[in-house]
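The structure under discussion appears below in the form of structure tokens.
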Amino acid sequence: MKIIGYPAELIYRPGDKARFMVSTDGIAAFDAALVRIVCGDPRETGPGFKETAIAACRRSAIPGRKQATEIGSFMTVPPGPALVSKDIGFVFSVFATTPTKGDQTLLARWDEARKLGFKIGIDERARLQMEVGDGTGATARLVLPRALPARGWTTVGIGFAGDSGRMTLMTRPVDQHGFGNEPEEATGDGLRLEGKLASLPLSFAARWTGRNAAPKMTGFFNGRLESPVLLARAPSRADIEAYQTGPEQVRQPAAWWDFGQDFAASRIADRVGGLDGELINLPSRGVTGAQWDGTCQRFQDKPAHYRAVHFHDDDLEDCGWEESFSFDLPRDLASGIYAAKLTAGPEEHYVVFLVEERSGESRADIAFLASSVTYVAYSNEHYDFDDPNMEMKNGAVAVYDASDLYLNEHRELGLSTYDRHSDGYGVFYSSTRRPLFSMHVKHKIWALNADTHITDWLEARRLPYDLITDHAVHTEGLSRLSRYKVVITGTHPEYWTTAMWEAMTRYLANGGRLMYLGGNGFYWRTAIHPQKPWLIELRRAETGARYWDSEPGEAYMSFTGEYSGLWRRAATPPQKLVGIGTVATGFDYSSYYRRRPESKHPRARFIFEGVKDEVLGDFGSIGGGAAGSEIDRADPWLGTPAHALILARSEGHTRQYNVVPEETAFHHPTINGQEAEKCFADLLFFETPKGGAVFSTGSISWAASLAHSGYANNISRITENVVRRFADPKPFPEPPAGSGSAELRRTRIDQGQEAYDGIDRAG
Amino acid sequence: MYQLTPEDGKLLPEFLRKERKDFSLELRRALNRLRMVPLAGREVIVAIDSKSWQLARLGEQRGDPVRFIDDRIFTDPKRAEWEILKMRWLRLTGSPLPNSADAE
Chain A
1 MKIIGYPAEL IYRPGDKARF MVSTDGIAAF DAALVRIVCG DPRETGPGFK ETAIAACRRS
61 AIPGRKQATE IGSFMTVPPG PALVSKDIGF VFSVFATTPT KGDQTLLARW DEARKLGFKI
121 GIDERARLQM EVGDGTGATA RLVLPRALPA RGWTTVGIGF AGDSGRMTLM TRPVDQHGFG
181 NEPEEATGDG LRLEGKLASL PLSFAARWTG RNAAPKMTGF FNGRLESPVL LARAPSRADI
241 EAYQTGPEQV RQPAAWWDFG QDFAASRIAD RVGGLDGELI NLPSRGVTGA QWDGTCQRFQ
301 DKPAHYRAVH FHDDDLEDCG WEESFSFDLP RDLASGIYAA KLTAGPEEHY VVFLVEERSG
361 ESRADIAFLA SSVTYVAYSN EHYDFDDPNM EMKNGAVAVY DASDLYLNEH RELGLSTYDR
421 HSDGYGVFYS STRRPLFSMH VKHKIWALNA DTHITDWLEA RRLPYDLITD HAVHTEGLSR
481 LSRYKVVITG THPEYWTTAM WEAMTRYLAN GGRLMYLGGN GFYWRTAIHP QKPWLIELRR
541 AETGARYWDS EPGEAYMSFT GEYSGLWRRA ATPPQKLVGI GTVATGFDYS SYYRRRPESK
601 HPRARFIFEG VKDEVLGDFG SIGGGAAGSE IDRADPWLGT PAHALILARS EGHTRQYNVV
661 PEETAFHHPT INGQEAEKCF ADLLFFETPK GGAVFSTGSI SWAASLAHSG YANNISRITE
721 NVVRRFADPK PFPEPPAGSG SAELRRTRID QGQEAYDGID RAG
Chain B
764 MYQLTPEDGK LLPEFLRKER KDFSLELRRA LNRLRMVPLA GREVIVAIDS KSWQLARLGE
824 QRGDPVRFID DRIFTDPKRA EWEILKMRWL RLTGSPLPNS ADAE
């Protein structure tokens with residue numbers, strides 16, 4: 001790949017100026033054309049790649065250039081009055097997560113180019129060290145002999161006298177027990193820097209290179225720092241001991257940066273006043289500090305226990321590339337999935353984005369709800385490169401395409417919420433301000449690309465639709481949904497914010513109709529940053545199918561203060577919203593559904609109009625079946641309405657499928673798809689108040705069956721039957737009492753017995 | 764952790780003969796062990812296009828480029844995976860997979 005880019009905004013509206021950031025490698029100029037993506041799947045087994053050019057938007061001979069990305073988080077403090085003191089000191093606590101990485105900066109006022117200033121860091125032997133340089137080439141260094149521990153808190157004191165150049169380093173472990181935990185202290189002669197540092201900013205967790213071009217920062221630290229206190233003197237041992245009872249206990253601070261407040265903010269207030277800091281590149285907030293003792297789980301309850309920021313050398317908020325070109329989107333442009341198609345000789349790249357109807361406007365009765373939050377959560381996932389268990393999970397050796405190889409080698413494009421940072425800690429945040437690989441077309445059939453099986457089908461079946469997005473539902477609430485008679489989800493609407501959930505709940509309570517054409521939906525409770533909508537956050541708390549799990553005490557999201565993790569654990573199970581919830585995942589074969597007697601019920605007759613088959617979806621371009629990848633089932637214990645009809649149920653899943661952790665409180669040998677009692681997808685229908693209804697498929701691979709046999713197949717027919725009826729304003733009548741599937745009408749006692757022994761007593 | 768046995772070597776050709784969903788439990792156990800190799804230097808497959816595949820190897824560190832193992836081009840990804848399984852058998856047992864030529 002020699003050309004790559006991202007849109008300035010993930011979502012545009014008709015009439016907007018769509019701006020694009022592009023980086024090229026060895027390409028002097030490129031062309032750009034706006035295309036509507038109908039289907040992004042290029043495989044011969046699927047519908048085939050389909051795009052439509054939008055003639056109004058074309059640009060040619062756009063100059064290409066390589067744009068740099070600066071990855072790694074830090075805090076910077078501009079020069080200010082509190083920094084002019086000739087004697088200076090710092091006290092704070094350190095929690096190093098890769099202590100032997102080498103050349104890690106804890107704090108610095110340092111110009112790398114001129115070797116001017118001072119820097120305090122950790123060397124490759126995990127030792128605390130201080131180095132000063134006077135800008136003439138002379139440097140002096142002081143090193144403490146003992147290594148800082150990995151993943152253990154140590155309070156450090158640092159002093160530097162401007163006129164004498166005297167350096168002081170001291171440490172005191174927070175945990176006073178164990179071997180080698182005695183305090184340490186050393187002093188040494190340094191260099192006189194009086195008056196030479198005035199223009200140098202102070203930085204924590206990285207240091208300035210003194211360059212005007214990238215890289216502007218170097219020496220990134222992996223680990224946590226706790227609220228630093230600045231002194232106008234060298235610290236004493238009493239200062240360190242005072243700090244360990246709380247930074248506010250240190251006497252006569254010149255400044256102190258409190259990481260235990262404004263957890264969503266990048267601005268860090270100086271509690272003394274006048275010297276605020278700025279966090280760059282989204283280090284982790286709402287994480288436990290040295291004082292955390294397990295007596296609280298929520299940072300709002302005891303902020304003093306969460307006075308830490310976790311910095312990583314691979315954090316990224318914004319690539320910050322400059323704009324390369326823009327398109328004025330036509331005012332009458334239909335909503336949908338679009339791309340700026342970039343070409344330069346044989347090179348081609350699609351910068352995909354979404355065009356959504358303007359607020360308060362709609363053109364169709366049908367809305368396709370693009371899972372825009374989920375697309376962001378998956379970008380940019382590296383688990384096929386970094387997680388040793390993925391080959392076992394997939395049951396096959398990893399196969400990479402050119403896009404995968406590019407992402408692996410360009411780590412500066414940042415991680416996904418599926419990844420771990422380079423120090424092993426989970427990634428909380430994801431940003432749209434960078435190339436988003438989960439939105440790539442002509443790529444793996446997942447996320448947005450898999451959702452184009454639905455948009456392709458809607459167009460093939462001549463079903464007019466508007467595209468709307470998670471982000472707009474989050475922002476606009478019910479009003480974004482209420483203009484539509486039916487809302488259709490994507491294949492994998494996994495990540496939902498509270499505002500999205502509430503909007504959908506209200507939509508259904510007001511007679512809305514929802515078609516959930518996916519699996520593993522409504523799974524993780526997610527947050528969108530209240531001021532920076534390009535950012536999302538989640539925590540992998542408590543349980544669920546996870547690629548990392550939250551550290552103790554860190555289940556609450558820094559953006560909103562909400563408890564994260566599974567919706568099933570955090571608030572409402574998906575079964576209450578759509579009747580079904582995740583039961584298993586597996587990625588080798590997909591299976592089929594077998595109809596149940598309920599499919600013949602008069603309430604469900606419209607769904608099966610023209611469908612005589614008993615076996616549904618024994619075909620498809622993902623695993624060969626309509627029931628697969630990630631599957632959901634009904635569960636009255638978790639809230640499936642008693643009047644719901646389980647129309648069909650999948651069967652015959654393979655051993656590569658495994659029941660998700662939240663479905664089995666302890667592990668045993670019969671949780672695989674072949675042996676588990678409940679490893680199946682349920683096809684479900686139920687009515688909601690005021691004439692509404694829900695149709696749920698519970699399978700990611702459902703949509704990959706729609707195009708089979710020229711769209712003439714039972715999955716396509718069923719889906720179309722439901723869309724057309726759901727788009728019909730005629731209300732669904734309230735179902736007769738007792739007309740739901742029998743297994744949904746059990747008493748709570750029956751369900752309790754079932755939960756107790758894991759066996760379905762009713763058979 | 765499971766230790767591969769000579770009996771597993773005799774089973775492995777089943778990988779070529781059967782669909783994945785029909786693999787015996789014993790073959791699955793052997794395959795699981797062959798998949799549990801360290802990430803550093805792990806053998807992988809690169810799709811050159813939709814019809815050709817090549818054998819490659821992960822680097823030692825995160826972000827290291829994936830390097831091709833040799834020049835062979837495979838037109839069947841399962842055949843490429845078989846070559847990788849043979850390499851891992853050799854790596855884990857110290858001996859080439861016996862009778863693999865017969866299976867092919």
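Chains A and B, in that order, give the protein sequences.
For reference, each letter of the first sequence is one residue, going 1 to 763 in my numbering.
For reference, each letter of the second sequence is one residue, going 764 to 867 in my numbering.
Cβ atoms here follow ideal geometry from the backbone N, Cα and C, with glycine treated the same way.
Predicted model, so just to flag it, every value in this text is computed and none were measured.
Per-residue contacts from residue i into chain A (C-beta, under 9 Å)
| i | result |
| --- | --- |
| Ser813(B) | Pro42, Arg43, Glu44 |
| Pro840(B) | Ala396, Val397, Val399 |
Cross-chain neighbours of residue i in chain A, by beta carbon under 7 Å
| i | result |
| --- | --- |
| Gly921(B) | Chain B is shown only over 764 to 867; residue 921(B) falls outside these bounds and no answer can be derived. |
| Leu802(B) | Pro388 |
Under 8 Å by beta carbon: chain B residues contacting residue i
| i | result |
| --- | --- |
| Leu405(A) | Val809, Pro828, Val829 |
| Met392(A) | Asn795, Arg798, Met799 |
DSSP state of residue i mapped onto helix, strand, coil
| i | result |
| --- | --- |
| Thr45(A) | coil |
| Pro435(A) | coil |
| Arg546(A) | coil |
| Glu323(A) | strand |
| His305(A) | helix |
| Gly691(A) | helix |
| Met500(A) | helix |
| Gln104(A) | strand |
| Arg770(A) | The structure shown has nothing for residue 770(A), since chain A only spans 1 to 763. |
| Thr719(A) | helix |
| Ile158(A) | strand |
| Ile445(A) | coil |
Identified DSSP bridge partners for residue i
| i | result |
| --- | --- |
| Gly738(A) | Per DSSP, none; premise fails for Gly738(A). |
| Leu342(A) | Ala32(A), His349(A) |
| Met841(A) | The question about residue 841(A) has no answer here: the residues shown for chain A are numbered 1 through 763. |
| Leu802(B) | According to DSSP, Leu802(B) bridges with nothing at all. |
| Lys50(A) | Cys39(A) |
| Trp110(A) | Gly117(A) |
| Val17(A) | Residue identity differs from the one stated: residue 17(A) is Lys in this sequence, not Val. For Lys17(A), which the question treats as bridged, DSSP gives the partners Asp328(A). |
| Asn256(A) | At residue 256(A) the sequence reads Trp, which differs from the Asn that was named. For Trp256(A), which the question treats as bridged, DSSP gives the partners Val229(A). |
| Trp524(A) | Tyr495(A), Leu566(A) |
| Tyr556(A) | Tyr563(A) |
Start-to-end residues for the beta strand (DSSP E) that takes in residue i
| i | result |
| --- | --- |
| Glu598(A) | Unbroken run through Glu598(A): none, as it is neither H nor E. |
| Lys119(A) | 116–122 |
| Ser422(A) | It is not in any beta strand (DSSP E) - Ser422(A) carries neither H nor E in the DSSP assignment. |
| Ile3(A) | 3–7 |
| Pro574(A) | No beta strand (DSSP E) holds Pro574(A); the alpha helix (DSSP H) holding it covers 574–578. |
| Arg74(A) | According to the sequence provided, residue 74(A) is Phe. The question's Arg does not apply to it. 74–77 is the extent of the beta strand (DSSP E) around Phe74(A). |
| Leu535(A) | 535–537 |
| Glu278(A) | 277–280 |
| Ser403(A) | Looking at the DSSP string, Ser403(A) is not in any beta strand (DSSP E); the run it does join, the alpha helix (DSSP H), is 402–409. |
Contacts of residue i in chain A (Cβ-Cβ under 8 Å)
| i | result |
| --- | --- |
| Leu821(B) | Phe385 |
| Glu806(B) | Val397 |
Start-to-end residues for the alpha helix (DSSP H) that takes in residue i
| i | result |
| --- | --- |
| Pro840(B) | 840–856 |
| Ser372(A) | 372–378 |
| Glu391(A) | 390–394 |
| Tyr516(A) | Segment 513–516 is the beta strand (DSSP E) holding Tyr516(A); no alpha helix (DSSP H) there. |
| Pro769(B) | 769–774 |
Under 9 Å (Cβ pairs) to chain A, residues found in the stretch 777–800 of chain B: Within the stretch 777–800 of chain B, Glu782, Arg783, Lys784, Phe786, Leu788, Arg791, Leu794, Asn795, Arg798, Met799, Val800 place their CB atoms closer than 9 Å to a CB of chain A, listed in sequence order.
Contact residues within the stretch 197–213 of chain A, judged by C-beta distance below 7 Å to chain B: Taken residue by residue, none of the stretch 197–213 of chain A has a beta-carbon sitting less than 7 Å from a beta-carbon on chain B.
Under 7 Å (Cβ pairs) to chain B, residues found in the stretch 642–671 of chain A: So the list reads Thr654, Arg655, given in the order they occur along the chain.
Contacting positions in the stretch 573–589 of chain A - beta carbon closer than 7 Å to chain B: Against chain B - using a Cβ distance shorter than 7 Å - the residues of the stretch 573–589 of chain A are Asp588, Tyr589.
Contact set between the stretch 835–861 of chain B and chain A, restricted to residues whose Cβ is under 7 Å from the partner: Those residues of the stretch 835–861 of chain B that come within reach of chain A (Cβ to Cβ, closer than 7 Å) are Pro840, Glu844, Ile847.
Chain-ordered residues of the stretch 421–437 of chain A with a beta carbon less than 7 Å from chain B: Correct list: Ser422.
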